[in-house]
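Undergrad: Heads up, the sequence shown is in UniProt numbering, so the first residue is 1 and it goes up one at a time.
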Amino acid sequence: MDYEPPFLDVYKPLLLQNSHAVAVDVGGSGIRNDKSEWCELPLIDLSRLSLDHVEREECMKEISRAARTWGFFQVLNHGVSQELLQNLRHEQMDVFRNPFATKSRENFLNLPARSYRWGNPFATNWSQISWSEAFHFFLPDIARMEDQHQSLRSSIEAFASVVAPLAESLVQILAQKLNIKFSYFQENCSANTCFLRLNRYPPCPLHSRVFGLLPHTDSSFLTILNQDPIGGLQLMKDGKWIGVKPNPQALVVNIGDLFQAVSNDMYISAKHQVVGGEKEERFSVAYFYNPREDAVIESQMMPAVYRKFSFREYREQIEKDVKETGDKAGLSRFLL
Numbered sequence: 001m002d003y004e005p006p007f008l009d010v011y012k013p014l015l016l017q018n019s020h021a022v023a024v025d026v027g028g029s030g031i032r033n034d035k036s037e038w039c040e041l042p043l044i045d046l047s048r049l050s051l052d053h054v055e056r057e058e059c060m061k062e063i064s065r066a067a068r069t070w071g072f073f074q075v076l077n078h079g080v081s082q083e084l085l086q087n088l089r090h091e092q093m094d095v096f097r098n099p100f101a102t103k104s105r106e107n108f109l110n111l112p113a114r115s116y117r118w119g120n121p122f123a124t125n126w127s128q129i130s131w132s133e134a135f136h137f138f139l140p141d142i143a144r145m146e147d148q149h150q151s152l153r154s155s156i157e158a159f160a161s162v163v164a165p166l167a168e169s170l171v172q173i174l175a176q177k178l179n180i181k182f183s184y185f186q187e188n189c190s191a192n193t194c195f196l197r198l199n200r201y202p203p204c205p206l207h208s209r210v211f212g213l214l215p216h217t218d219s220s221f222l223t224i225l226n227q228d229p230i231g232g233l234q235l236m237k238d239g240k241w242i243g244v245k246p247n248p249q250a251l252v253v254n255i256g257d258l259f260q261a262v263s264n265d266m267y268i269s270a271k272h273q274v275v276g277g278e279k280e281e282r283f284s285v286a287y288f289y290n291p292r293e294d295a296v297i298e299s300q301m302m303p304a305v306y307r308k309f310s311f312r313e314y315r316e317q318i319e320k321d322v323k324e325t326g327d328k329a330g331l332s333r334f335l336l
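#1: Here's a check: name, in chain order, each residue in its chain whose Cβ is nearer than 7 Å to the Cβ of Lys328, leaving out the five neighbours to either side.
#2: Roughly how many angstroms lie between the CA atoms of residue 368 and Ala101, to the nearest whole one?
#3: Run through DSSP, which three-state label would residue 337 get?
#4: Give me the Cα-Cα distance between Tyr306 and Asp147, rounded to the nearest whole angstrom.
#5: Determine whether the beta carbon atoms of Val210 and Trp118 lie at a separation below 9 Å.
#6: Name the two residues that bound the continuous beta strand (DSSP E) containing Glu133.
#7: Where does the unbroken alpha helix (DSSP H) through Asn179 begin, and where does it stop?
#8: Strictly by DSSP, which residues pair up with Leu235?
#9: So, at 6 Å on beta carbons, what are the nonlocal neighbours of Arg312 in its own chain, with the 5 sequence-adjacent residues on each side left out?
#10: Quick one: what does DSSP say Leu198 is sitting in, helix, strand or coil?
#11: What are the start and end residues of the alpha helix (DSSP H) that includes Gln17?
#12: Which ranges would you report for the beta strand (DSSP E) in the segment 49-122 if only whole runs of at least 3 residues count?
#13: Could you compute how far the alpha carbon of Val54 sits from the alpha carbon of Lys61?
#14: Using CA atoms only, rank isn't needed, just tell me which of Asn188, His149 and Ile63 is closest to Gln176.
#15: Quick check on Asn120: buried or exposed, where buried means 16 or more other Cβ atoms within 10 Å of its Cβ?
#16: Helix, strand or coil for residue 339? Go by DSSP, reduced to three states.
#17: Could you tell me if Glu133 is buried or exposed, where buried requires 16 or more neighbouring beta carbons within 10 angstroms of its beta carbon?
#18: Suppose you measure from the CA of Ser50 to the CA of Glu168; what does that come to, to the nearest Å?
#19: Ordered along the chain, which non-local residues of its own chain (more than five positions away) have a Cβ less than 6 Å from that of Pro246?
#20: Quick one, which of Val75, Arg56, Phe288 and Arg333 has its alpha-carbon nearest residue 357's?
#21: Taking the C-alpha atoms as reference points, what is the distance between Leu174 and Pro303?
#22: Looking at the strands, I want to know which residues DSSP matches up with Gln227.
#23: Determine, using beta carbons only, whether Ser269 and Asn254 come nearer to each other than 9 Å.
#24: Count the other CB atoms within 10 Å of the CB of Arg282; is the residue buried (16 or more) or exposed (fewer)?
#25: Report the rounded CA-to-CA distance for Cys204 versus Asp2, giving the unit in angstroms.
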């Protein structure tokens, strides 16, 4: 099919070098496709925030508790309608059906260079292979999309218009429960710094050997995700990989590295990955609540666990580590 990225052609040398391997093993964990390993994340009904003081306070405590113990949770009554999610998924499927040669053009959709990405260009062995493709949209760039993709643009704008204030609301709650001033986030984050990512995980003939998305933590303050009913998201909990059972009514929320840094490790940026599927393609859409490039990331609690650093410095260090080692060192580079 002309819309599939050339995974096998590009990765063939790496796979031939390791033809004896039968499973990926990263840190002793490995890929786990057994759906019986699925768990249900803490599920929080956000409508309780509109009830009396007692209910609101208990809901806020549950959000903070989940961020401390899991680094992940799910939310209901989040404001994103099922109709909107279905429309977005339909448009998402359509845009990924464009020929690979078209998608990979620098000016496709009238978006900046590298808005379309696939695989892992820095892979040096089979354990670093990523079997996925994605479109990255910084919020201000959505309006630049060509008129021929107006329905896609409208769906993305509608989704962003709901999840952007949702992210701010959750960040405000999480900050309040640690006595961190919300103004810190307001001063450093805006619509210009946050972005959406549309993900597609194609059927993978090597699904037991490679990842859909490599194990990683998010380099954000907060991420909000909608995964399809097929699932594939897994997170590290108590040293084991466990699958996140899809809930079609819920959005998944996870803490990013930057929130872990400013919270002095009170909130967890949990490592997670996506496993590949043999026959079914999978889709998800994620919103990343990020600061501006020159924002200073520093602990809002004392004594600090991490030294001060800018978001630009953090991103550049990650890019350097990935190019040199194929993996992200993350916050460990900034420990005091």
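From the three backbone atoms N, C-alpha and C, an ideal C-beta is built for every residue, glycine too.
TA: Judging by the given coordinates:
#1: As a first step, residue 328 is located in the sequence shown; it is residue number 328 there, counting from the start. Within the same chain, and ignoring the five residues on either side of Lys328 in sequence, the residues whose Cβ sits closer than 7 Å to its Cβ are His216, Ile318, Asp321 and Val322.
#2: Since the first residue shown for the chain is 1 and the last is 336, residue 368 is missing from the structure and cannot be characterised.
#3: Within the shown structure, residues of the chain are numbered from 1 to 336, placing residue 337 beyond reach of any answer.
#4: What you label residue 306 is simply residue 306 of the sequence shown in a count that begins at 1. What you label residue 147 is simply residue 147 of the sequence shown in a count that begins at 1. Their backbone Cα atoms lie some 46 Å apart in a straight line.
#5: For the purposes of this step, residue 210 is taken as the residue at position 210 of the sequence shown. For the purposes of this step, residue 118 is taken as the residue at position 118 of the sequence shown. Not in contact: Val210 and Trp118 (Cβ atoms no closer than 9 Å).
#6: The residue you call residue 133 lines up with position 133 of the sequence shown. Note, Glu133: beta strand (DSSP E), Glu133 to Phe138.
#7: Here residue 179 corresponds to residue number 179 of the sequence shown, with the count starting at 1. Looking at the DSSP string, Asn179 is not in any alpha helix (DSSP H), and its letter there is neither H nor E.
#8: The sequence position of residue 235 within the sequence shown is 235, counting from 1. Paired residue(s): Ile242 and His272.
#9: As a first step, residue 312 is located in the sequence shown; it is residue number 312 there, counting from the start. Shown here for Arg312: same chain residues with a beta carbon closer than 6 Å to its own, the five before and five after excluded, namely Glu293 in chain order.
#10: Counted from its first residue, the sequence shown places residue 198 at position 198. Three-state DSSP puts Leu198 in a strand.
#11: Counting from 1 along the sequence shown, the entry for residue 17 is found at position 17. Phe7 to Gln17 is the span of the alpha helix (DSSP H), which, as asked, contains Gln17.
#12: Entirely contained in the segment 49-122, the beta strand (DSSP E) runs reaching 3 residues are, in chain order, 72-76 and 116-118.
#13: Along the sequence shown, read from residue 1 onward, the residue named residue 54 stands at position 54. Along the sequence shown, read from residue 1 onward, the residue named residue 61 stands at position 61. One C-alpha to the other measures close to 11 Å.
#14: Within the sequence shown, the letter at position 176 stands for residue 176. Closest by alpha carbon: Ile63.
#15: In the sequence shown, the residue the question calls residue 120 occupies position 120. Its Cβ being crowded by 16 or more others within 10 Å, Asn120 is buried.
#16: Look at the range of the chain in this structure, 1 to 336, and you will see that residue 339 is not part of it.
#17: Reading the sequence shown from its first residue, position 133 is the one you call residue 133. Buried, by the Cβ-count rule.
#18: For this step, residue 50 is matched to residue 50 along the sequence shown. For this step, residue 168 is matched to residue 168 along the sequence shown. Whole-angstrom Cα-Cα distance: 16 Å.
#19: Along the sequence shown, read from residue 1 onward, the residue named residue 246 stands at position 246. Counting only Cβ-Cβ distances below 6 Å, and skipping sequence neighbours, we find Gln227, Pro229 and Gly231.
#20: Lying outside 1 to 336, the shown extent of the chain, residue 357 is not represented and no answer is given.
#21: Numbered from its first residue, the sequence shown carries residue 174 at position 174. Numbered from its first residue, the sequence shown carries residue 303 at position 303. Distance between the alpha carbons of Leu174 and Pro303 is about 19 Å.
#22: In the sequence shown, the residue the question calls residue 227 occupies position 227. Ser284.
#23: Position 269 of the sequence shown holds residue 269. Position 254 of the sequence shown holds residue 254. Note that the C-beta distance between Ser269 and Asn254 is below 9 Å.
#24: Counted from its first residue, the sequence shown places residue 282 at position 282. Arg282 is buried by the Cβ-count criterion.
#25: As a working note, residue 204 is residue 204 in the sequence shown. As a working note, residue 2 is residue 2 in the sequence shown. Take the alpha-carbon of Cys204 and the one of Asp2: they are about 16 Å apart.
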